[in-house]
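If you count the sequence shown from 1, you need to add 6 to reach my numbering. Note that CB positions come from ideal geometry on N, CA and C, so glycine has one too. First the structure, in the form of structure tokens, and then the observations on it.
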Amino acid sequence: MAKQTPLYASHVEAGARMVDFAGWDMPVNYGSQIAEHHAVRRDAGMFDVSHMLALDLDGPDAQPYLRHLLANDVARLTAPGKALYSCMLNEQGGVIDDLIVYVFSPTSYRIVVNAGTADKDVAWMRKQIAKQGANVTLDARRDLAMIAVQGPQARARAWAALPGSEAASRELAPFQAVKWSGGLIARTGYTGEDGFELTVPASEAAAVWRDLQAAGVAPCGLGARDTLRLEAGMNLYGQDMDESVSPLDAGLAWTVDFRDAERDFVGKAALLAHPATRRQLGLILLDKGVLRAHMTVHTDHGPGETTSGSFSPTLEQSIAFARLPLAASPGDAVKVEVRGKRLAARVVKLPFVRQGQVLV
């Protein structure tokens, strides 16, 4: 039986179409996926992301433990509330998961991991704690709910809905968070738009959701979240990378920090021994059709493959991520195998859209 978030009843009451996602009953849309997509690009929309798992890591060894666990370097987090995006790798350099880390102090961190990998992630983290002999505790916070409020008007509408939130978060820079009212306000997201990811006690989630909706924030489902993140050039775990894929091949080299030569991290030796063999770029389909994952891409430099694809409501064209030969570059003309036909496409640099602006 699928798990339910603290907002399950709110979704059902609103008439959401529910689907099983990573073992959770989640809303895919509330009517029109495209309308929900445009609400986020043009105004403000909200997503229930309570299926993701918040983990609190505390103890005197928290920073050295994370510096070894993650490919990105948490030593860069020098101010309380700052956030860092990173991959967590296996010894072969494959991606176990991608996650966000927030620092509260050198001995206290919040980690947010993906729903479908949560159990695997926790087991891996605990294994690494034992292996390092790290003096830390890892606490899974299923007593919390998470709501992402995204769009150009997201912050203003959240402030209107949640008394006291403006004073707490007005000065937050992107990728920064502040503790508030038993939870967290983070200026982060997965849509390419400004906004907040709100962590609140599970018992308060339905009231917060209701107040946000009353302030003009549109409920949005997983369908819109997927097209928004695709336009914004943001990878989806299990589709654009997994344990068999190096971050260097998945467009995530920017999240791997080699600057401190003395720092070792899990997977470092494998990455140094095996440089990138592919590069991740975007595709815009020029012919009629829809791009999906696992379609062969024919280039002048050899074959590639799409990893994510969909119709883009903002561009009104079909788009995709593609893992292509290293010699491929933006502007190249390619062909994509779609239902037995080779359709014309153009290679572009990611992202397609950011902050409401079309970039390709």
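In the DSSP assignment, Thr233 falls outside any beta strand (DSSP E) and within the unbroken alpha helix (DSSP H) covering 228-237.
Boundaries of the beta strand (DSSP E) harbouring Tyr115: 114-119, taken from the DSSP string. Taking 3 residues as the shortest admissible run, the stretch 234-292 contains the following complete beta strand (DSSP E) segments, listed from N- to C-terminal end: 284-291. Counting of Cβ neighbours within 10 angstroms places Asp270 among the exposed residues, the total staying below 16. Counting the other CB atoms within 10 Å of its CB gives Glu268 a total below 16, which places it among the exposed residues. Within the model, the alpha-carbon separation for Ala220 versus Asn120 is close to 29 Å. By the neighbour-count definition (other C-beta atoms within 10 Å, threshold 16), Gln363 is an exposed residue.
The continuous beta strand (DSSP E) containing Val342 extends over residues 339-344.
When DSSP reads this structure, Ser318 sits in a beta bridge with Gln323.
In this model, Ala230 and Asn35 are separated by some 7 Å (Cα to Cα).
In the three-state DSSP reduction, Glu203 falls in the strand class (E or B). For Val25, no alpha helix (DSSP H) run applies; the uninterrupted beta strand (DSSP E) run containing it begins and ends at 23-27, by DSSP. With a minimum length of 4 residues, the unbroken runs of alpha helix (DSSP H) contained wholly in the stretch 139-183 fall at 160-167, 171-175. Judged by beta-carbon spacing, Leu59 lies beyond the 8 Å limit of Ala160, meaning their Cβ atoms are not closer than that value.
Under the DSSP assignment, Asp103 falls in the beta strand (DSSP E) whose first and last residues are 101-111. Only buried fits Phe202, as 16 or more other CB atoms lie within 10 angstroms of its CB. Asp217: member of the alpha helix (DSSP H) spanning 211-220, first to last residue. Within the stretch 52-107, the complete alpha helix (DSSP H) segments at least 4 residues long are 68-75, listed from N- to C-terminus. Cβ contact annotation for Tyr108 (same chain, cutoff 6 Å, sequence separation greater than five): Ala89, Arg116, Ala183, in chain order. In this structure the stretch 278-297 touches the stretch 333-340; the number of beta carbon pairs closer than 8 Å is three or more. Collapsing the DSSP output to three states places Gln361 in coil.
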